[in-house]
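Note sheet for the following structure.
Residue numbers (full-length UniProt numbering): 1 to 116.
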């Protein structure tokens, strides 16, 4: 059973920002192949930084109100790159293992941004 929902509510399918109710943003999620209306992310949640990178500028030019890869932060918060203090030099590891761990960590955190 499902509770009836109206278009534009949290979790409903959208094509652009105008399809979502106030306080929601049209964006893709990692679990679905299509965009849905999502609440704006709160503190320490992943976010979209509209001023970050060429891809965002290109996407904005082509379809300024289209679905985002992630929603911008809720009012009063700023989307910033995550800062990590990652040190392996004090751990005794083989050189090869050291670099494998460093590369895997870098791939998993590259481009991670959260609301602060």
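In this text, a Cβ means the ideal position worked out from N, Cα and C, and glycines have one as well.
Check	Outcome
Give me, in chain order, the residues of the same chain whose beta-carbon lies closer than 6 Å to that of residue 81; leave out the 5 immediate sequence neighbours on both sides.	113
Excluding the 5 residues preceding and the 5 following residue 43 in the sequence, name in chain order all residues of the same chain whose CB lies nearer than 7 Å to its CB.	77, 115, 116
According to DSSP, is residue 113 part of a helix, a strand, or is it coil?	strand
So is residue 34 buried or exposed if we call it buried at 16+ other beta carbons inside 10 Å?	exposed
Residues in its own chain within less than 8 Å of residue 8 by CB, not counting five upstream and five downstream?	14, 19, 20, 21, 24, 37
Check this for me: beta carbons of residue 47 and residue 71, under 8 Å apart or not?	yes
Consider the C-beta atom of residue 28 and the heavy atoms of the ligand NAP; say whether any pair is separated by less than 7 Å.	By its list of ligands, the structure shown contains no ligand whatsoever, and the ligand NAP lies outside what it can speak to.
Report the three-state DSSP secondary structure of residue 82 (helix, strand or coil).	coil
Taking 8 Å as the CB-CB cut-off, is residue 23 touching chain B?	The structure shown contains no chain B; it holds only a single protein chain.
Determine the extent of the beta strand (DSSP E) in which residue 27 is found, giving its start and end residues.	24-27
Quick one: Cα of residue 65 to Cα of residue 4, how far?	27 Å
For a quick check, are the C-beta atoms of residue 41 and residue 74 less than 8 Å apart?	yes
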